[in-house]
Structure formats: C-alpha cells, structure tokens
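In the numbering used here, the protein residues as written are 4 to 75. Virtual Cβ for every residue (Gly too), placed ideally from N, Cα, C. Since we're looking at a predicted model, the values are computed, not measured.
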C-alpha cells in the first residue's frame, strides 16, 4: 500500500497506531488495506490514457473523530 503510493517509511500513516497489522501463523506480516489507491496506481502503470476506473473496497484504518476532524 504505502510503497506504491510513495509514502516514506517514516511517515506517520505507517505508524502502528494508524494501521492494522495482523499476525499470521506463518509469521508473515499481513497489512489490512488502508485505502484503495494502490489499485489505481497499478491500473495507471498497466494501461494507457485515457483511464477510467472505479475501485470500491473495504478499508481498515483508525478513524478517531474529534473537534478538528468532524464533518460539520
């Protein structure tokens, strides 16, 4: 997810508090999808413009609401 979007390794979005990692029995780290943007990046890499793509999907990220992040 993060590498495809060129998000630096030191970016706060990669922090364990903002991303859900799952421990698996094989000791591989599994990252639940935090956004669908990597799909768009892959489509742009493999297709010529014009490109139209809809990428629905479930995303798992920490969404705390407070006075600075409310929609109203």
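Rounded separation between residue i and residue j - CA only
{"i": "residue 53", "j": "residue 16", "result": "31 Å"}
{"i": "residue 48", "j": "residue 60", "result": "20 Å"}
{"i": "residue 55", "j": "residue 44", "result": "12 Å"}
{"i": "residue 2", "j": "residue 6", "result": "Outside the modelled stretch of the chain, which goes from 4 to 75, sits residue 2, for which no answer is possible."}
Neighbourhood of residue i by C-beta distance below 7 Å, restricted to the same chain and skipping five residues each side
{"i": "residue 62", "result": "36, 37, 38 and 39"}
Three-state secondary structure assigned by DSSP to residue i
{"i": "residue 11", "result": "coil"}
{"i": "residue 48", "result": "helix"}
{"i": "residue 16", "result": "helix"}
{"i": "residue 42", "result": "helix"}
Proximity of residue i and residue j at Cβ, strictly below 7 Å
{"i": "residue 57", "j": "residue 42", "result": "no"}
Cut-off 6 Å between Cβ atoms - residues of its own chain near residue i, not counting five sequence neighbours on either side
{"i": "residue 8", "result": "40"}
{"i": "residue 68", "result": "none"}
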